[in-house]
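Participant: Right, I'll just put the structure down here and ask away after.
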């Protein structure tokens, strides 16, 4: 008799546990919907990340293309006619700074190169006043500067 009571008690316990763990159709549907929403959210997040990555790559391609065009434009500007070593030094410094400005990879570096271009212009003026370069050389270097800027603008 104890065996029967134990058996029926075990059977009743199993039935209770089974009924507690068994979800209603509404609960199953809600769980399924929640799982589907999680999957959809994950898919949306992945799609957005992929889209952002593609946009970043496109933007980088445009930047590098613009840099290449500007560098080619600078290279096409004819060198000025200069006779003194100081004028040639200033022209070379100016050309290298323009290239560095074009290829600057951060805002801070670009601003530094803009300042360097202004410093070189002031240095050209000072050397012309001091007689280290002729007025014609100064004009030729400044024309080169203007031509570089015009070439860059035209390339972009």
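In the working numbering, the protein residues as written are 786 to 941.
Backbone N, C-alpha and C define an ideal beta-carbon position, used for all residues, glycine too.
For residue 887, which residues of its own chain have a beta-carbon under 8 angstroms away from its beta-carbon, when the five flanking residues on both sides are left out?
Facilitator: 852, 855, 856, 859 and 937
Participant: Would you mind working out which of 924, 910 and 828 sits nearest residue 864, comparing C-alpha positions?
Facilitator: 924
Participant: Residue range of the alpha helix (DSSP H) that residue 917 falls in?
Facilitator: Segment: none, residue 917 is in no alpha helix (DSSP H) and carries neither H nor E.
Participant: Would you give the residue range spanned by the alpha helix (DSSP H) that residue 816 belongs to?
Facilitator: 810-861
Participant: On the criterion of 16 or more Cβ atoms from any shown chain inside 10 Å, does residue 929 qualify as buried, or is it exposed?
Facilitator: buried
Participant: Residues in the same chain with beta-carbon distance under 6 angstroms from residue 902, minus the five sequence neighbours each way, listed in chain order, please.
Facilitator: 882
Participant: Report all residues from its chain with a CB closer than 6 angstroms to the CB of residue 915; omit the five preceding and five following residues, and keep chain order.
Facilitator: none
Participant: Are residue 918 and residue 879 touching if we call contact CB-CB under 8 angstroms?
Facilitator: Residue 879 is positioned such that its CB atom lies no closer than 8 angstroms to that of residue 918.
Participant: Would you identify the three-state DSSP class for residue 935, choosing helix, strand or coil?
Facilitator: helix
Participant: Is residue 917 close to the ligand SAM? I mean its beta-carbon at under 7 angstroms from any heavy atom of the ligand.
Facilitator: For the structure depicted, the ligand SAM is absent and the ligand set is empty, with no information on it obtainable.
Participant: Considering just the uninterrupted stretch of the alpha helix (DSSP H) at residue 882, what are its terminal residues?
Facilitator: Where residue 882 is concerned, the enclosing alpha helix (DSSP H) stretches over 870-887.
Participant: Cβ of residue 862 within 8 angstroms of Cβ of residue 932?
Facilitator: Closer than 8 angstroms, so yes.
Participant: Would DSSP call residue 902 helix, strand or coil?
Facilitator: helix
Participant: When DSSP labels each residue in this structure, what does residue 795 get in the three-state scheme?
Facilitator: helix
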